[in-house]
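What follows is one structure encoded as structure tokens, with my remarks underneath.
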Amino acid sequence: MSDDPYEILGVQRTASDNEIRKAYKKQAKELHPDLHPGDKSKEAAFQALSGAYDLLRDPDKRRRFDAGEIDAAGHEQPQRQYYRDYAGSDPQGRYSYNARSEDFEDFSDIFGDIFGRGSGRRTQSGTFSVDGGDLHFDLEIDFLDAALGAKQKLAFTRGDALEVTIPAGLREGQTLRLRGRGKPGIGGGKPGDALVTVHVRPHPQFSRDGNNIEVELPVSFDEAVLGGRAEVSTISGNVSMTIPSGVSSGHRLRLKGKGIHPKDGKAGDQFVRIRIVLPEKIDEQMRDLAREWREHVNHDPRTKQRRTA
Amino acid sequence: MRYEEREVVAQLQRLTVRELRGWVREGWVRPRQGENGPVYDELDIARIQLVCDLKKEMSIGVDMLPVVLSLIDQLHAARRDFRCLAAAVADQPEPNQQAISEAFRKVRNANS
Numbered sequence: 001m002s003d004d005p006y007e008i009l010g011v012q013r014t015a016s017d018n019e020i021r022k023a024y025k026k027q028a029k030e031l032h033p034d035l036h037p038g039d040k041s042k043e044a045a046f047q048a049l050s051g052a053y054d055l056l057r058d059p060d061k062r063r064r065f066d067a068g069e070i071d072a073a074g075h076e077q078p079q080r081q082y083y084r085d086y087a088g089s090d091p092q093g094r095y096s097y098n099a100r101s102e103d104f105e106d107f108s109d110i111f112g113d114i115f116g117r118g119s120g121r122r123t124q125s126g127t128f129s130v131d132g133g134d135l136h137f138d139l140e141i142d143f144l145d146a147a148l149g150a151k152q153k154l155a156f157t158r159g160d161a162l163e164v165t166i167p168a169g170l171r172e173g174q175t176l177r178l179r180g181r182g183k184p185g186i187g188g189g190k191p192g193d194a195l196v197t198v199h200v201r202p203h204p205q206f207s208r209d210g211n212n213i214e215v216e217l218p219v220s221f222d223e224a225v226l227g228g229r230a231e232v233s234t235i236s237g238n239v240s241m242t243i244p245s246g247v248s249s250g251h252r253l254r255l256k257g258k259g260i261h262p263k264d265g266k267a268g269d270q271f272v273r274i275r276i277v278l279p280e281k282i283d284e285q286m287r288d289l290a291r292e293w294r295e296h297v298n299h300d301p302r303t304k305q306r307r308t309a
Numbered sequence: 001m002r003y004e005e006r007e008v009v010a011q012l013q014r015l016t017v018r019e020l021r022g023w024v025r026e027g028w029v030r031p032r033q034g035e036n037g038p039v040y041d042e043l044d045i046a047r048i049q050l051v052c053d054l055k056k057e058m059s060i061g062v063d064m065l066p067v068v069l070s071l072i073d074q075l076h077a078a079r080r081d082f083r084c085l086a087a088a089v090a091d092q093p094e095p096n097q098q099a100i101s102e103a104f105r106k107v108r109n110a111n112s
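First to last, the protein sequences are chains X and H. Each residue of the first sequence is one higher than the one before, counting from 1 in the working numbering. Each residue of the second sequence is one higher than the one before, counting from 1 in the working numbering.
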């Protein structure tokens, strides 16, 4: 390494005090040993940088150096102890992070599960035993599997698989606990659990409110006026239902007990929401019929709105 | 070694008593409390040097300084735990050590 302070700082010999300070600041951020606790190589470089800066920041020393009266060697910084040299042993834990914070349990977010920090114990025979940690998984399943219940395989990269039983009526984000399927215990400790958080993919047709299912049923204008029968899909297959005469868009018809039936509980209902849909092309005859309808029906669906406005 | 406030300031020549008291108030430096005021040891002095470097030489502002210190403290806590882990591994019988280091390499390669 060069011992020319200008070279170390990477500045011209004509550099201003301000340029020197800037150059030092920039390099110090990269080289300060306490910002790189694991990198021993930074120490010598930072030492040299500090020495160079110490010499050049002082106008008198800099002038004498430039004039050749002194050399850089005399201005090396004394060997200094860095914080990192002490931080490893902080017996009272004054600066250890977890001594001040309750929610950051040091490393337990990583190691706690393995070593069961605090849960390790000496058994009576004197051997050490620790319960196995829990394993966390995410599983994405179809809407219908969540509604009706299913068995799903959770395959691991290491080749084995875990069979997960999805109970009927499982909700989005619910976590299933598979007892004993986590990490094995040590020294006779109990194995941990596998915790599977299940995400439910939305369904194009069905939506869900608790154990109730809602679907939309498009009906034609004449069906809405005259009533009729229509095939409606439910989570357990198609059913035929009656459309009463005179339904409007948004009207909800109930199919009792056709919702989700959880294992321990009452079955929900399916709600069928009516949506009146007109044909894409309206021909002259339809218009004539509508004019006739208008003459016959003196009905303003917006009277209520006007009253409240 | 135990140093009093004015000894620290005299030794370091980089800060005033006023500044030091301010840092203690902020919790950046946490000396023990002695009978006649705060008592500093080598750990505290190294810490004060670090705060001096960050604040004076690197112009880290008073609002960023606690953030930087907190990250450094967390890093040291992490390194302490890793040292304990390394010591625990070194304490294992030879075959276990090899199994752990092999598994470690495998997991690390899989995650990189």
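Using N, Cα and C, we set each Cβ at its ideal position, and we do this for glycine too.
Beta carbon proximity, residue i to chain X, threshold 8 Å
| i | result |
| --- | --- |
| Arg21 (chain H) | no |
| Gln11 (chain H) | no |
| Ser59 (chain H) | yes |
| Leu43 (chain H) | yes |
| Ala87 (chain H) | no |
| Arg30 (chain H) | yes |
| Arg72 (chain H) | Inspection of the sequence shows that residue 72 (chain H) is occupied by Ile rather than by Arg. Yes, contact with chain X. |
| Gln33 (chain H) | no |
| Arg47 (chain H) | yes |
| Leu65 (chain H) | no |
| Met53 (chain H) | Inspection of the sequence shows that residue 53 (chain H) is occupied by Asp rather than by Met. Answer yes: the Cβ-Cβ gap between Asp53 (chain H) and chain X drops below 8 Å somewhere. |
| Leu133 (chain H) | The structure shown does not extend to residue 133 (chain H), since chain H is modelled only from 1 through 112, so no value can be given for it. |
| Arg79 (chain H) | yes |
Residues that residue i bridges to, as DSSP identifies them
| i | result |
| --- | --- |
| Val215 (chain X) | X:Val272 |
| His199 (chain X) | X:Glu140 |
| Ser220 (chain X) | Answer is none; Ser220 (chain X) lacks a bridge partner. |
| Tyr3 (chain H) | H:Tyr40 |
| Asn18 (chain X) | BP columns for Asn18 (chain X) are empty, so no partner. |
| Gly180 (chain X) | Looking at the DSSP assignment, Gly180 (chain X) forms no beta bridge with any residue, so it has no partner. |
| Asp209 (chain X) | X:Asn212 |
Classification of residue i by the beta-carbon crowding that lies within 10 angstroms, buried from 16 upward
| i | result |
| --- | --- |
| Leu226 (chain X) | exposed |
| Glu163 (chain X) | exposed |
| Asp113 (chain H) | Lying outside 1 to 112, the shown extent of chain H, residue 113 (chain H) is not represented and no answer is given. |
| Val89 (chain H) | exposed |
| Gly118 (chain X) | Below a pLDDT of 50, predicted positions are generally treated as unreliable, and Gly118 (chain X), at 45, falls in that range; the measurement from the model is reported next regardless. Exposed is the call here. |
| Glu30 (chain X) | exposed |
| His32 (chain X) | buried |
| Pro5 (chain X) | buried |
| Glu292 (chain X) | exposed |
Cβ of residue i within 8 Å of any chain H Cβ
| i | result |
| --- | --- |
| Gln81 (chain X) | yes |
| Tyr86 (chain X) | yes |
| Arg94 (chain X) | yes |
Residue i: CB within 7 Å of a non-hydrogen atom of the ligand PLP
| i | result |
| --- | --- |
| Glu284 (chain X) | The ligand content of the structure shown is nil, which means the ligand PLP is not present either. |
State whether the stretch 53 to 64 of chain X contacts the stretch 1 to 21 of chain H, with contact taken as three or more CB pairs (one from each stretch) at a distance under 8 Å. no
Compile a chain-ordered list of the residues in the stretch 36 to 67 of chain X whose CB is closer than 9 Å to at least one CB of chain H. Pro37, Gly38, Ser50, Tyr53
Check each residue of the stretch 23 to 34 of chain X: if its Cβ is closer than 8 Å to any Cβ of chain H, include it; give the result in chain order. Tyr24, Lys25, Ala28, Lys29, His32, Asp34
Hey, is the stretch 241 to 254 of chain X in contact with the stretch 217 to 231 of chain X, meaning 3+ C-beta pairs nearer than 8 Å? yes
Are three or more beta carbon pairs between the stretch 250 to 265 of chain X and the stretch 199 to 213 of chain X nearer than 8 Å? yes
Check whether the stretch 137 to 151 of chain X touches the stretch 234 to 241 of chain X, taking contact to mean three or more Cβ pairs, one atom from each stretch, closer than 8 Å. yes
Can you find at least 3 beta carbon pairs, one from the stretch 26 to 37 of chain H and one from the stretch 59 to 74 of chain X, that sit closer than 8 Å? no
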